[in-house]
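J.: These protein sequence lines are chains A and B, in that order. FYI, in this note's numbering the residues of the first sequence are 7 to 334. FYI, in this note's numbering the residues of the second sequence are 14 to 264.
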Amino acid sequence: MKIIRENAPALALIGAMVLFPFAISLLTGEPIDAGTPKFWQGMLAQVFILAVYAISYDLLMGYAGILSFGHAMFFGAGGYVVGILLKHAGWSLPAATLAVILSAAALSLLIGVTALRVQGVYLTMVTLAFAQMMFVISEATDFREWTGAEDGLQSIPVPAWLSPTHQRLTFYFVSLAFCILSYYLVRRITQSPTGRVLVAIRENELRARAIGYNTFVYKLVAMVVAGIMAALAGMMNALWNLNANPNMLATSTTINALLMTIIGGAGTLSGPLLGAAFIHLLGYGLNVAFGPRWPLLFGLVYVAIVLFLPYGFMGAWRSWLLKRRLKM
Amino acid sequence: MTHLLETFSLTRDFGTFRAVDSVNLRVQQGTLHSLIGPNGAGKTTLFNCISAVLPPTHGRVHYEGRDITGTPLHRMTALGIGRSFQITNVFGNVSVLENVRLAVQARHARASYQFWRRADDLSEFEDRAMHALKLVGLAGRERQLAVMLPHGDKRKLELAILLAGDPKLLLLDEPTAGMATEQVPELMATIEHIRANGNRTIILVEHNMNVVMRFSNRISVLHQGRILAEGTPDEIRANDAVQKAYLGGGF
Numbered sequence: 007m008k009i010i011r012e013n014a015p016a017l018a019l020i021g022a023m024v025l026f027p028f029a030i031s032l033l034t035g036e037p038i039d040a041g042t043p044k045f046w047q048g049m050l051a052q053v054f055i056l057a058v059y060a061i062s063y064d065l066l067m068g069y070a071g072i073l074s075f076g077h078a079m080f081f082g083a084g085g086y087v088v089g090i091l092l093k094h095a096g097w098s099l100p101a102a103t104l105a106v107i108l109s110a111a112a113l114s115l116l117i118g119v120t121a122l123r124v125q126g127v128y129l130t131m132v133t134l135a136f137a138q139m140m141f142v143i144s145e146a147t148d149f150r151e152w153t154g155a156e157d158g159l160q161s162i163p164v165p166a167w168l169s170p171t172h173q174r175l176t177f178y179f180v181s182l183a184f185c186i187l188s189y190y191l192v193r194r195i196t197q198s199p200t201g202r203v204l205v206a207i208r209e210n211e212l213r214a215r216a217i218g219y220n221t222f223v224y225k226l227v228a229m230v231v232a233g234i235m236a237a238l239a240g241m242m243n244a245l246w247n248l249n250a251n252p253n254m255l256a257t258s259t260t261i262n263a264l265l266m267t268i269i270g271g272a273g274t275l276s277g278p279l280l281g282a283a284f285i286h287l288l289g290y291g292l293n294v295a296f297g298p299r300w301p302l303l304f305g306l307v308y309v310a311i312v313l314f315l316p317y318g319f320m321g322a323w324r325s326w327l328l329k330r331r332l333k334m
Numbered sequence: 014m015t016h017l018l019e020t021f022s023l024t025r026d027f028g029t030f031r032a033v034d035s036v037n038l039r040v041q042q043g044t045l046h047s048l049i050g051p052n053g054a055g056k057t058t059l060f061n062c063i064s065a066v067l068p069p070t071h072g073r074v075h076y077e078g079r080d081i082t083g084t085p086l087h088r089m090t091a092l093g094i095g096r097s098f099q100i101t102n103v104f105g106n107v108s109v110l111e112n113v114r115l116a117v118q119a120r121h122a123r124a125s126y127q128f129w130r131r132a133d134d135l136s137e138f139e140d141r142a143m144h145a146l147k148l149v150g151l152a153g154r155e156r157q158l159a160v161m162l163p164h165g166d167k168r169k170l171e172l173a174i175l176l177a178g179d180p181k182l183l184l185l186d187e188p189t190a191g192m193a194t195e196q197v198p199e200l201m202a203t204i205e206h207i208r209a210n211g212n213r214t215i216i217l218v219e220h221n222m223n224v225v226m227r228f229s230n231r232i233s234v235l236h237q238g239r240i241l242a243e244g245t246p247d248e249i250r251a252n253d254a255v256q257k258a259y260l261g262g263g264f
């Protein structure tokens with residue numbers, strides 16, 4: 007009972023998300039696998055996938071204080087690895103998923119061991135350089151046969167049971183489960199002794215070393231966990247789009263993670279979740295209302311949020327709670 | 014005589030500037046040994062070389078008879094060496110208790126890698142952190158954010174973080190810096206209590222001469238990176254060279 011009471015908001019949200027497709031179907035009177043219900047299942051499935059990507063970035067930036075400008079390379083790598091293995095090597099999805107995890111672990115270890123030798127803005131630059139390298143490789147015509155070069159890797163053969171076009175409801179629930187599991191995993195890590203050390207590193211790395219922590223190892227752990235999660239999110243994204251393209255590796259994709267994290271509230275986990283939903287749904291709404299000029303308006307919204315809610319949605323909410331408690 | 018810490022021709026250069034120049038320092042077990050000297054004499058650099066924050070250019074550091082030169086910073090607490098910083102250096106946006114709890118946890122490397130366990134379940138760490146907070150007089154403030162503490166309390170928190178690592182040798186870099194005058198005796202009494210009750214050794218960098226003369230067992234005077242004189246407070250007070258270089262005749 008205690009567990010249920012402590013996690014009431016999270017459980018309510020999960021319940022709402024499970025019922026959501028059925029509720030929309032009832033409200034609109036349309037069948038669950040067509041029309042409006044199908045459309046909104048797709049919108050939310052994308053939100054769930056982006057949320058995992060944002061959460062993984064929050065572990066790095068919000069908790070360990072590592073400002074990486076290369077996070078898109080993991081997102082993109084996940085997409086390309088699953089795409090190439092399904093399309094060209096004929097692997098099964100479980101085997102390809104394992105390959106995504108292992109390749110992301112190897113990549114993040116390599117980047118971590120290299121980039122974590124330097125700090126602050128230098129680390130940001132090194133991660134950006136690695137990501138740009140991957141971006142250039144993805145567009146290189148030398149590998150067109152496998153990657154599709156600048157056109158991207160098209161028509162990934164997603165298994166029929168998970169097809170985002172024909173089995174939308176299944177895809178919706180798989181994305182939801184993926185999001186819940188990832189959130190739970192990162193939450194466990196941030197509340198563990200290891201997670202507390204990450205916060206200590208963010209607050210004051212020299213002091214963390216002086217009291218006896220080998221901070222390099224902890225930062226590397228954060229990088230590997232975040233890298234694997236971002237790669238899995240990229241894999242899900244490729245399965246949803248049925249393609250992997252260079253844009254997944256572009257700097258704008260990293261900036262997107264940064265925006266979702268900052269708007270939602272860095273270092274809060276639930277914030278980036280909200281941020282992902284906010285950006286995706288607002289982007290859609292502005293696009294419908296104003297057409298392709300929508301990023302201009304989104305820019306204004308972003309400036310307003312940074313000015314008035316500098317710690318994001320969750321940061322503002324928490325400080326409001328704190329102020330109320332102090333008054334009482 | 015047992016020397017807990019000894020340095021042999023310890024030298025540190027910054028480019029062409031020699032900040033610490035062939036320092037041979039011997040610190041006896043269980044004493045409070047002060048380092049004094051004018052600004053820029055090399056006191057903090059010497060501290061940094063001893064505590065592995067900076068590698069020395071030449072020279073060795075021996076601790077408990079072993080050569081520890083080149084030991085990584087994060088291994089120093091395991092050796093029993095803890096240091097505080099001249100500029101207040103705490104984890105700002107976490108609670109006072111968490112600051113100290115982290116230092117306790119650091120002594121248990123294996124616990125720190127348990128990423129699947131809840132940190133709040135490790136209550137023995139919290140108990141020991143509370144004990145250290147009581148010792149420095151911060152009990153009752155443990156739930157506050159460290160960044161919100163007044164300056165004097167931050168200095169006390171520094172000391173509690175240090176104590177939580179249970180060091181045999183404490184390197185204190187101006188623990189009273191920026192504190193209100195009336196708070197200084199209380200903090201020094203705490204430091205003296207810590208030294209006497211745990212059979213700990215303290216090396217102190219301090220500018221407050223009343224404090225240095227009253228609490229030190231031995232004093233080394235640093236001037237332009239070199240040790241100018243060493244002795245008991247009385248000997249230092251009577252030393253002409255020291256008077257000229259530093260004390261200005263007032264003591």
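All C-beta atoms in this analysis are idealised placements derived from N, C-alpha and C, irrespective of residue type, glycine included.
Whose C-beta lies closer than 6 Å to the C-beta of Ala-54/B among residues of the same chain, with five residues either side of it excluded?
T.: The count along the second sequence starts at 1 and reaches residue 54/B at position 41. Within the same chain, Ala-54/B has close Cβ partners Leu-235, His-236.
J.: Mind checking Met-67/A: buried by the 16 CB within 10 Å criterion, or exposed?
T.: Residue mapping note: residue 67/A aligns to position 61 of the first sequence, counting from 1. Buried is the call here.
J.: I need the DSSP call for Asp-186/B, collapsed to helix, strand or coil.
T.: As a first step, residue 186/B is located in the second sequence; it is residue number 173 there, counting from the start. Strand.
J.: Taking buried to mean at least 16 other C-beta atoms within 10 Å of its own C-beta, is Lys-8/A buried or exposed?
T.: For this step, residue 8/A is matched to residue 2 along the first sequence. With fewer than 16 Cβ atoms within 10 Å of its Cβ, Lys-8/A is classed as exposed.
J.: Got a sec: is the Cβ-Cβ distance from Arg-213/A to anything in chain B below 8 Å?
T.: Sequence index remark: in the first sequence, residue 213/A carries index 207 (1-based). Yes, Arg-213/A lies at the interface with chain B (some Cβ there is under 8 Å from its Cβ).
J.: For Ile-232/B, count neighbouring Cβ atoms within 10 angstroms of its own Cβ and tell me buried if that reaches 16, exposed if not.
T.: Taking the second sequence and counting its residues from 1, one reaches residue 232/B at position 219. Per the 10 Å Cβ criterion, buried.
J.: Relative to the alpha-carbon of Arg-123/B, which residue among Ala-322/A, Leu-280/A, Gly-218/A, Ala-283/A has its alpha-carbon at the smallest distance?
T.: As a working mapping, residue 123/B is identified with position 110 in the second sequence. It is Gly-218/A.
J.: Between His-144/B, Arg-79/B, Leu-92/B, His-121/B, which has its C-alpha nearest Leu-110/B's C-alpha?
T.: For the purposes of this step, residue 110/B is taken as residue 97 along the second sequence, with counting starting at 1. Among His-144/B, Arg-79/B, Leu-92/B, His-121/B, the Cα nearest to that of Leu-110/B is on His-144/B.
J.: State the Cα-Cα distance for the pair Phe-54/A and Ala-137/A, rounded to the nearest angstrom.
T.: By one-based count along the first sequence, residue 54/A stands at place 48. By one-based count along the first sequence, residue 137/A stands at place 131. Computed Cα separation, rounded: 24 Å.
J.: Using CA coordinates, which residue listed in Glu-139/B, Ala-152/B, Leu-176/B is at the minimum distance from Asn-210/B?
T.: Position 197 of the second sequence, counted from the first residue, corresponds to residue 210/B. For Asn-210/B, the nearest C-alpha among the options comes from Leu-176/B.
J.: Answer yes or no: does any C-beta atom of chain A fall closer than 8 Å to that of Ile-63/B?
T.: The residue you call residue 63/B lines up with position 50 of the second sequence. No - not a single Cβ of chain A is within 8 Å of the one on Ile-63/B.
J.: In chain order, which continuous runs of the beta strand (DSSP E) of length 3 or greater are located wholly inside the stretch 80 to 107 of chain B?
T.: Whole beta strand (DSSP E) segments, 3+ residues: 94 to 96.
J.: What residues from the stretch 186 to 210 of chain A come within 9 Å of chain B, judged by C-beta to C-beta, listed N to C?
T.: Listed in sequence order: Arg-194, Ile-195, Gln-197, Ser-198, Pro-199, Thr-200, Gly-201, Arg-202, Val-203, Val-205, Ala-206, Arg-208, Glu-209, Asn-210.
J.: Could you tell me the alpha carbon to alpha carbon distance between Phe-222/A and Ser-114/A, rounded to whole angstroms?
T.: Locating residue 222/A in the first sequence gives position 216, counting from the first residue. Locating residue 114/A in the first sequence gives position 108, counting from the first residue. Roughly 14 Å between the two C-alpha positions.
J.: For Ala-244/A, tell me which candidate among Val-124/A, Met-139/A, Ser-161/A, Arg-123/A has the shortest Cα-Cα distance.
T.: Here residue 244/A corresponds to residue number 238 of the first sequence, with the count starting at 1. Out of Val-124/A, Met-139/A, Ser-161/A, Arg-123/A, Ser-161/A has the C-alpha closest to the C-alpha of Ala-244/A.
J.: Given a cut-off of 8 Å, decide if Leu-279/A and Ile-61/A are closer than it, judged by their beta-carbon atoms.
T.: Within the first sequence, the letter at position 55 stands for residue 61/A. Within the first sequence, the letter at position 273 stands for residue 279/A. Yes, Cβ-Cβ distance for Ile-61/A and Leu-279/A is below 8 Å.
J.: Would you please verify whether the beta carbon of Ala-322/A is less than 8 Å from any beta carbon of chain B?
T.: Position 316 of the first sequence, counted from the first residue, corresponds to residue 322/A. No, its Cβ sits nowhere closer than 8 Å to a Cβ of chain B.
J.: By the 10 Å Cβ neighbour count, where 16 or more other Cβ atoms means buried, how is Leu-56/A classified, buried or exposed?
T.: For this step, residue 56/A is matched to residue 50 along the first sequence. Flag for Leu-56/A reads buried.
J.: Using 8 Å as the Cβ pair cut-off and three pairs as the minimum, do the stretch 94 to 111 of chain B and the stretch 42 to 54 of chain B touch?
T.: No, they do not touch.
J.: Just the chain B side, please: which residues come within less than 7 Å of Ala-18/A by C-beta, in chain order?
T.: One-based indexing of the first sequence puts residue 18/A at position 12. Within chain B, no residue comes near Ala-18/A; the closest Cβ sits about 23 Å away, beyond 7 Å.
J.: May I ask which residues mark the beginning and end of the alpha helix (DSSP H) holding Thr-120/A?
T.: Against the first sequence, residue 120/A aligns to sequence position 114. 99 to 121 is the extent of the alpha helix (DSSP H) around Thr-120/A.
J.: What are the boundary residues of the alpha helix (DSSP H) that includes Gly-165/B?
T.: Locating residue 165/B in the second sequence gives position 152, counting from the first residue. 164 to 177 is the extent of the alpha helix (DSSP H) around Gly-165/B.
J.: By the three-class DSSP mapping on this structure, what secondary structure does Val-124/A have?
T.: Reading the first sequence from its first residue, position 118 is the one you call residue 124/A. Correct three-state label for Val-124/A: coil.
J.: Count the other CB atoms, across all protein chains shown, that sit within 10 Å of the CB of Tyr-63/A; report buried if there are 16 or more and exposed otherwise.
T.: In the first sequence, residue 63/A corresponds to position 57, counting from 1. Its Cβ being crowded by 16 or more others within 10 Å, Tyr-63/A is buried.
J.: Any Cβ of chain A within less than 8 Å of the Cβ of Phe-264/B?
T.: What you label residue 264/B is simply residue 251 of the second sequence in a count that begins at 1. For Phe-264/B, the predicted model reports a pLDDT of 48, less than 50, meaning its position is unreliable; a value from the coordinates is still stated below. Chain A contact via Cβ: absent.
J.: Which whole-angstrom value describes the C-beta separation of Val-36/B and Ile-249/B, a residue pair presumed to lie in contact below a C-beta threshold of 8 Å?
T.: Taking the second sequence and counting its residues from 1, the one referred to as residue 36/B is at position 23. Taking the second sequence and counting its residues from 1, the one referred to as residue 249/B is at position 236. About 17 Å; that fails the 8 Å criterion.
J.: Determine the closest residue to Gly-48/A out of Leu-313/A, Leu-288/A, Phe-179/A, with distance taken between C-alpha atoms.
T.: Position 42 of the first sequence, counted from the first residue, corresponds to residue 48/A. Checked all of Leu-313/A, Leu-288/A, Phe-179/A; the closest Cα to Gly-48/A is Phe-179/A.
J.: Quick check on Glu-187/B: buried or exposed, where buried means 16 or more other Cβ atoms within 10 Å of its Cβ?
T.: In the second sequence, counting from the first residue as 1, residue 187/B sits at position 174. Label assigned to Glu-187/B: buried.
J.: Can you say whether Gly-201/A is buried or exposed, counting buried as having 16 or more other CB atoms within 10 angstroms of its CB?
T.: Indexing the first sequence from 1 puts residue 201/A at position 195. Gly-201/A comes out buried.
J.: Closer than 8 Å, Cβ to Cβ, to anything on chain A: give me those residues from the stretch 131 to 143 of chain B, in chain order.
T.: Correct list: Arg-131, Ala-132, Asp-133, Leu-135.
J.: Does the beta carbon of Thr-101/B come closer than 8 Å to any beta carbon on chain A?
T.: Position 88 of the second sequence, counting from 1, holds the residue named residue 101/B. It does not; no Cβ of chain A falls within 8 Å.
J.: Give the residues of chain A in contact with Ala-193/B, contact being defined as C-beta atoms less than 9 Å apart.
T.: Residue numbering aside, residue 193/B sits at position 180 when the second sequence is read from its first letter. By Cβ distance, chain A contributes nothing, its closest Cβ being about 24 Å from Ala-193/B, past 9 Å.
J.: Please classify Gln-118/B: does DSSP put it in a helix, a strand, or coil?
T.: Residue 118/B sits at position 105 when you count from the first residue of the second sequence. Three-state result, Gln-118/B: helix.
J.: Using the beta-carbon of each residue, which ones in chain B are nearer than 7 Å to Ile-217/A?
T.: Along the first sequence, one-based indexing puts residue 217/A at 211. Going along chain B in sequence order, the residues near Ile-217/A (Cβ under 7 Å) are Thr-90, Leu-115, Ala-116, Ala-119, Ile-174, Gly-178.
J.: Between which two residues does the beta strand (DSSP E) holding Gly-244/B run?
T.: What you label residue 244/B is simply residue 231 of the second sequence in a count that begins at 1. It spans 239 to 244 - the beta strand (DSSP E) in which Gly-244/B sits, taken as one unbroken run.
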